[in-house]
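Q: Protein sequences appear in the order of chains D and X.
Position 325 of the first sequence, counted from 1, bears residue number 329 in my numbering, the numbering being contiguous throughout.
Position 326 of the second sequence, counted from 1, bears residue number 343 in my numbering, the numbering being contiguous throughout.
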Amino acid sequence: MSTAQLDSPRLDFAGSAVNRELTPERKIDLLRQMIRIRRFEQAALKYYNAGKMNGFLHLYIGQEAVATGTISLCGENDHVITAYRDHGHALAVGMDMNSCMAEMYGKQTGCSKGKGGSMHFFAPDKNYWGGHGIVGGQTPLGLGLAYGLKYLGREGCCLCYLGDGAVNQGAFHESLNLAALFDLPVIYVIENNGYSMGTSQKRSSAYRGCLAQRAEAYDMEWDVIDGSDLYEVRAKTHIAMERARKEHRPSILEISTYRYYGHSVADANAKKYRSPEEIENYKQNHDPITLFRKRLIEEGIITDEQADQIAKEASEEAAAACRFADESPAPTIPDIMTDVYWETDNQTPASRIGHHFFND
Amino acid sequence: MSRTLTYREALREGLDEELARDPNVVLMGEEVAQYNGAYKVTEGLWKKWGDKRIVDTPISEAGFIGMGIGASMLGIRPVMELMFWSFHSVAFDQLVNNAACVRYMSGGLINCPIVMRGPANGGTGVGATHSHIPEGLFAAFPGLKVCAPATPADAKGLIKAAIRDNDPVYVMENTLLYGTVGEVPDPSEGDHVVPLGLADLKRVGSDISLIAHGRSVIHALAAAETLQAEHGISAEVLDLRSIRPLDVDAILATVKKTNRVVLVDESKPFGGVSAMVATLIQEHAFDYLDAPVKRVCTLDAPAIYSHHIEHLQLPNPSRIVEKVLTIK
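#1: The alpha helix (DSSP H) with arginine 232/X in it runs from where to where?
#2: Return the CA-CA distance between arginine 29/X and threonine 192/X, expressed in angstroms with no decimal places.
#3: Using only the alpha-carbon positions, how far apart do glycine 114/D and asparagine 276/X sit?
#4: Going by beta-carbon coordinates alone, are valine 211/X and valine 132/X separated by less than 8 Å?
#5: Classify serine 179/D as helix, strand or coil using the three-state DSSP reduction.
#6: Among Leu153/D, Leu95/D, Leu145/D, Arg30/D, which residue has its Cα nearest to the Cα of glutamate 80/D?
#7: What in chain D is Cβ-close to isoleucine 93/X, meaning under 9 Å?
#8: Buried or exposed for valine 221/X, going by 16 or more other Cβ atoms inside 10 Å?
#9: Classify glutamate 284/D as helix, strand or coil using the three-state DSSP reduction.
#10: Considering Cα atoms alone, identify which of Asp33/D, Met101/D, Ile75/D is closest to glutamate 45/D.
#11: Just how far apart, CA to CA, sit glycine 169/D and alanine 69/D?
#12: Tell me whether glutamate 253/X sits in a helix, a strand or coil according to DSSP, three-state version.
#13: Compare the C-alpha of alanine 240/X against each of Glu339/X, Gly139/X, Ser77/X and name the closest.
#14: Tell me which residues of the region 121 to 144 of chain X have at least one Cβ-Cβ distance to chain D shorter than 9 Å, keeping chain order.
#15: Determine which residues share a DSSP beta bridge with threonine 203/D and list them.
#16: Between tyrosine 165/D and glutamate 195/D, is the Cβ-Cβ spacing less than 8 Å?
#17: Quick one: give me the first and last residue of the beta strand (DSSP E) that histidine 218/X is part of.
#18: Check the Cβ-Cβ distances between asparagine 172/D and every residue of chain X, and say whether any is below 8 Å.
#19: Is it the case that the Cβ atoms of alanine 79/X and alanine 175/D are separated by a distance below 8 Å?
#20: Given methionine 224/D, which residues of its chain have a CB within under 8 Å of its CB, disregarding the five upstream and five downstream residues?
#21: Which of the three DSSP states is assigned to proline 95/X in this structure?
#22: Using a C-beta to C-beta distance shorter than 8 Å, which residues of chain X count as neighbours of serine 179/D?
#23: When you compare the CB of serine 204/D with every CB in chain X, is at least one pair closer than 8 Å?
#24: Would you say methionine 84/X and glycine 46/X are within 8 Å of each other, going by their C-beta atoms?
#25: Can you tell me which of the three DSSP states tyrosine 52/D falls into?
#26: Our contact map puts serine 123/X next to glycine 134/D with C-beta atoms below 8 Å; I'd like the distance itself, whole angstroms only.
#27: What does DSSP give as the partner residue(s) for histidine 359/D in the beta ladder?
#28: Which first and last residues belong to the beta strand (DSSP E) in which cysteine 129/X is found?
#29: Please return the same chain residues whose Cβ sits closer than 6 Å to the Cβ of histidine 62/D, not counting the five positions on each side in sequence.
#30: Reducing DSSP to helix, strand and coil, say where leucine 163/D ends up.
#31: Taking the beta strand (DSSP E) that glutamate 225/D falls in, what are its first and last residues?
#32: Step through the CB atoms of chain D and report whether any lies within less than 8 Å of the CB of aspartate 217/X.
#33: Over the uninterrupted beta strand (DSSP E) stretch that includes glutamate 258/D, give me the two end residues.
#34: Within the region 159 to 202 of chain X, note down every full beta strand (DSSP E) run reaching 3 residues or more, in order along the chain.
#35: From this set, Thr74/D, Ala334/D, Glu258/D, Arg327/D, which residue's C-alpha is nearest alanine 48/D's C-alpha?
#36: Quick one: list the residues of chain X neighbouring tryptophan 346/D, beta-carbon separation under 7 Å, in chain order.
Have a look at this one:
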């Protein structure tokens, strides 16, 4: 789905059962969630540029309805795994801003104790399995989570996210084959922001129609979704999740979306491989937060003032997270040597036999 | 009660016992189920345990190895068979980025109780692509554990320890050992588990230490007999069994006892397991050495095909004897 296609009239999914059942409070929560993700990342960008963080910063700004909409459908046996553009999913599963921000600051209070960084957020207690840095490398892991769910007899599914740049990795194709062959409850969500780093979809992928259509080669269901419409994301993802939970059948969903910033903040060409008009069109006409806010105002659920208040609170929460991160202690040298082996961390009898480490 | 099993049967017995002990243990790999295993290690297990516990996968190592790792994060305990460890290269991202690093990058929130097993050896005339010996390679990744049993008893004991371990354990077997026979304790005598990280003194001696792992242990034992019979040299043979964790204490103890050492290692010389052992010896037992540490490794080229000389590229008893005789 190109942005030109997005510009043409779309179906209204507000009336879908899964959206009709949303209470006004829940709808406001979804808006708040998207705004929190954006404010969190805007704060992260500010302090990344101020030198508080190291490494890469892959911003999700513009894509918020994808993580928010899909993860809003998750129940206790549904699991989530994604690649390195992982902040939105982390907040959507319920991770708190403090531990996420502190992770990027490289602090002991970070969600991974400062050992993972921006690309590696995890919260297994919230069924969130990362945060993975290698393009496509998480796709077999998502398959394994689905395998585990089925093996354990739990009615659930795994939402495994990847970018449009990951669809040409071999591990992804191997995963698709295994998912269909073994009837595993996994949904591959291609977050298609149009660019594989600086290379457009047309210059990186061979396809007919769309990327998700590749599912047909594996006898798998697929769909395309407008990622700027939270209602559409929920309506269509719900169908795939039910298919996975009830029938153990996998799907590919291709959700069209857009990132306002570069591949990462270090992407020096972010404004060269895309025209200013293209970026501006998305911001003006397809911003998922602007659209959903407008929608809720039209529905009489929220006022402009209330929406502004939500944004103000999210900004304050993000600013507080930055203060928390800044004031938190850094890891120590002994911290480098923990969390390598479960057995040594837990000082089990097995950990006391032989040398596990070979420092000088 | 004493009884003998082949290395293959011992592994199978270990797998079977762990399948019975823990319902979350699953065997997966190419041809492990209906075909009964490419090397027949898993023969009969599919018939006994069925489709849920013994799973045939397509030839798709990156996919199914990664799938096993993902399942292990949820508490399943997959035992993945690589038909050859040489095929690690097509699953390398999964083996070293996901299995080895996910615990660390999550700050200890996740662990991967998974076993990867299969043969890792040269000497079978299958050329360079199928003759890789990567125990040193994987032992170089913190987060992974590696072992290489040489005897049927150790094969059974180590596979059981590996399955019970809560970290990823890579078990390196050997196609040339599968048919070898040895005594294995009877199950009626109790649970036979060989802990990771514990070396085994396979032969006591006083003049020189031969330190080896995997099939090189068998060569070292043969060389020790020749050295005794023909040269009056009493060689001690230490079987490392486990590469990481490594029994450094046992290595230093035998070196301090005999003061001379030859390391026998089917790895290539550059950065092989013996390179690590040599550096530990020079660092911690330098004053006990009466001669430089010597090594017998696989000759430093890709594995040759020709059956006329392939065995000469690998460590073998005569190369070990020759090396020992160079030491004054």
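C-beta atoms are modelled at their ideal positions from N, C-alpha and C, and glycine is treated no differently.
As the structure is a computational prediction, the values presented were derived from the model and not from experiment.
A: Reading it off the structure:
#1: Translated into positions along the second sequence, residue 232/X becomes position 215. Bounds of the alpha helix (DSSP H) holding arginine 232/X are 232 to 248.
#2: Here residue 29/X refers to the residue found at position 12 of the second sequence. Here residue 192/X refers to the residue found at position 175 of the second sequence. One C-alpha to the other measures close to 14 Å.
#3: By 1-based counting over the first sequence, the position of residue 114/D is 110. By 1-based counting over the second sequence, the position of residue 276/X is 259. If you take the alpha carbons of glycine 114/D and asparagine 276/X, they lie about 50 Å apart.
#4: As a position in the second sequence, residue 211/X is number 194, starting the count at 1. As a position in the second sequence, residue 132/X is number 115, starting the count at 1. Their beta carbons are not under 8 Å apart, which means valine 211/X does not touch valine 132/X by this criterion.
#5: Reading the first sequence from its first residue, position 175 is the one you call residue 179/D. Correct three-state label for serine 179/D: helix.
#6: Translated into the one-based positions of the first sequence, residue 80/D becomes position 76. The candidate whose alpha carbon is nearest that of glutamate 80/D is Leu153/D.
#7: Here residue 93/X refers to the residue found at position 76 when the second sequence is read from its first residue. Below the 9 Å Cβ cutoff, chain D contributes Gly148, Tyr151, Gly152, Tyr155, Leu156 as neighbours of isoleucine 93/X, in chain order.
#8: In the second sequence, the residue the question calls residue 221/X occupies position 204. For valine 221/X, the number of other beta carbons within 10 angstroms of its own is below 16, and it is reported as exposed.
#9: Here residue 284/D is taken as the residue at index 280 of the first sequence, counted from 1. The answer is helix: DSSP assigns glutamate 284/D an H, G or I state.
#10: Residue 45/D sits at position 41 when you count from the first residue of the first sequence. The residue from Asp33/D, Met101/D, Ile75/D with its alpha-carbon nearest to that of glutamate 45/D is Met101/D.
#11: For the purposes of this step, residue 169/D is identified with residue 165 of the first sequence, where counting begins at 1. For the purposes of this step, residue 69/D is identified with residue 65 of the first sequence, where counting begins at 1. A direct Cα-Cα distance of roughly 20 Å separates glycine 169/D from alanine 69/D.
#12: For the purposes of this step, residue 253/X is taken as residue 236 along the second sequence, with counting starting at 1. Shown here, glutamate 253/X sits in a strand according to DSSP, grouped into three states.
#13: For the purposes of this step, residue 240/X is taken as residue 223 along the second sequence, with counting starting at 1. Nearest C-alpha to alanine 240/X among Glu339/X, Gly139/X, Ser77/X: Glu339/X.
#14: If the cut-off is 9 Å between Cβ atoms, the region 121 to 144 of chain X has Tyr121, Met122, Ser123, Gly124, Gly125, Leu126, Ile127, Asn128, Cys129, Pro130 near chain D.
#15: As a first step, residue 203/D must be located in the first sequence, where it is residue number 199. Threonine 203/D is bridged to Ser200/D.
#16: Here residue 165/D corresponds to residue number 161 of the first sequence, with the count starting at 1. Here residue 195/D corresponds to residue number 191 of the first sequence, with the count starting at 1. Against a cut-off of 8 Å, the Cβ pair of glutamate 195/D and tyrosine 165/D comes out as a contact.
#17: Position 201 of the second sequence holds residue 218/X. According to the sequence provided, residue 218/X is leucine. The question's histidine does not apply to it. Leucine 218/X -> beta strand (DSSP E) spans 217 to 220.
#18: Working through the first sequence from its first residue, we reach residue 172/D at position 168. False, the Cβ-Cβ gap to chain X never drops below 8 Å.
#19: Taking the second sequence and counting its residues from 1, one reaches residue 79/X at position 62. Taking the first sequence and counting its residues from 1, one reaches residue 175/D at position 171. For alanine 79/X and alanine 175/D, yes; Cβs fall inside 8 Å.
#20: What you label residue 224/D is simply residue 220 of the first sequence in a count that begins at 1. Once the five neighbours on either side are set aside, the close Cβ partners of methionine 224/D are Leu180, Ala183, Ala184, Arg253, Pro254, Ser255, Ile256.
#21: Here the question's residue 95/X lines up with position 78 in the second sequence. Strand, per DSSP.
#22: As a working mapping, residue 179/D is identified with position 175 in the first sequence. Within chain X, the residues near serine 179/D are Gly80, Gly83, Met84.
#23: The residue given as residue 204/D occupies position 200 in the first sequence. With its beta carbon at least 8 Å from every one in chain X, serine 204/D lies outside the interface.
#24: Here residue 84/X corresponds to residue number 67 of the second sequence, with the count starting at 1. Here residue 46/X corresponds to residue number 29 of the second sequence, with the count starting at 1. Taking the C-beta atoms as reference points, glycine 46/X is found no nearer than 8 Å to methionine 84/X.
#25: As a position in the first sequence, residue 52/D is number 48, starting the count at 1. Tyrosine 52/D falls in the helix class under three-state DSSP.
#26: Counted from its first residue, the second sequence places residue 123/X at position 106. Counted from its first residue, the first sequence places residue 134/D at position 130. About 7 Å separates the two Cβ atoms, so the contact holds.
#27: Here residue 359/D corresponds to residue number 355 of the first sequence, with the count starting at 1. Note: histidine 359/D sits in a beta bridge opposite Leu263/X.
#28: Walking along the second sequence from the start, residue 129/X turns up at place 112. Here cysteine 129/X belongs to no beta strand (DSSP E), and DSSP marks it neither H nor E.
#29: Within the first sequence, numbered from 1, the residue matching residue 62/D stands at position 58. Tyr88, Arg89, Ser268, listed in sequence order.
#30: Stepping through the first sequence from its first residue, residue 163/D is reached at position 159. Strand, per DSSP.
#31: For this step, residue 225/D is matched to residue 221 along the first sequence. For glutamate 225/D, the enclosing beta strand (DSSP E) starts and ends at 225 to 230.
#32: For the purposes of this step, residue 217/X is taken as the residue at position 200 of the second sequence. Output row for aspartate 217/X: interface = no.
#33: What you label residue 258/D is simply residue 254 of the first sequence in a count that begins at 1. 255 to 260 is the span of the beta strand (DSSP E), which, as asked, contains glutamate 258/D.
#34: The qualifying runs are 162 to 164, 186 to 190, 198 to 200.
#35: Within the first sequence, residue 48/D is the residue found at index 44, counting from 1. Arg327/D is the residue among Thr74/D, Ala334/D, Glu258/D, Arg327/D whose C-alpha sits nearest the C-alpha of alanine 48/D.
#36: Here residue 346/D corresponds to residue number 342 of the first sequence, with the count starting at 1. Contacts between tryptophan 346/D and chain X, judged by CB atoms closer than 7 Å, involve Arg120, Asn128, Asn183, Asp184 in chain order.
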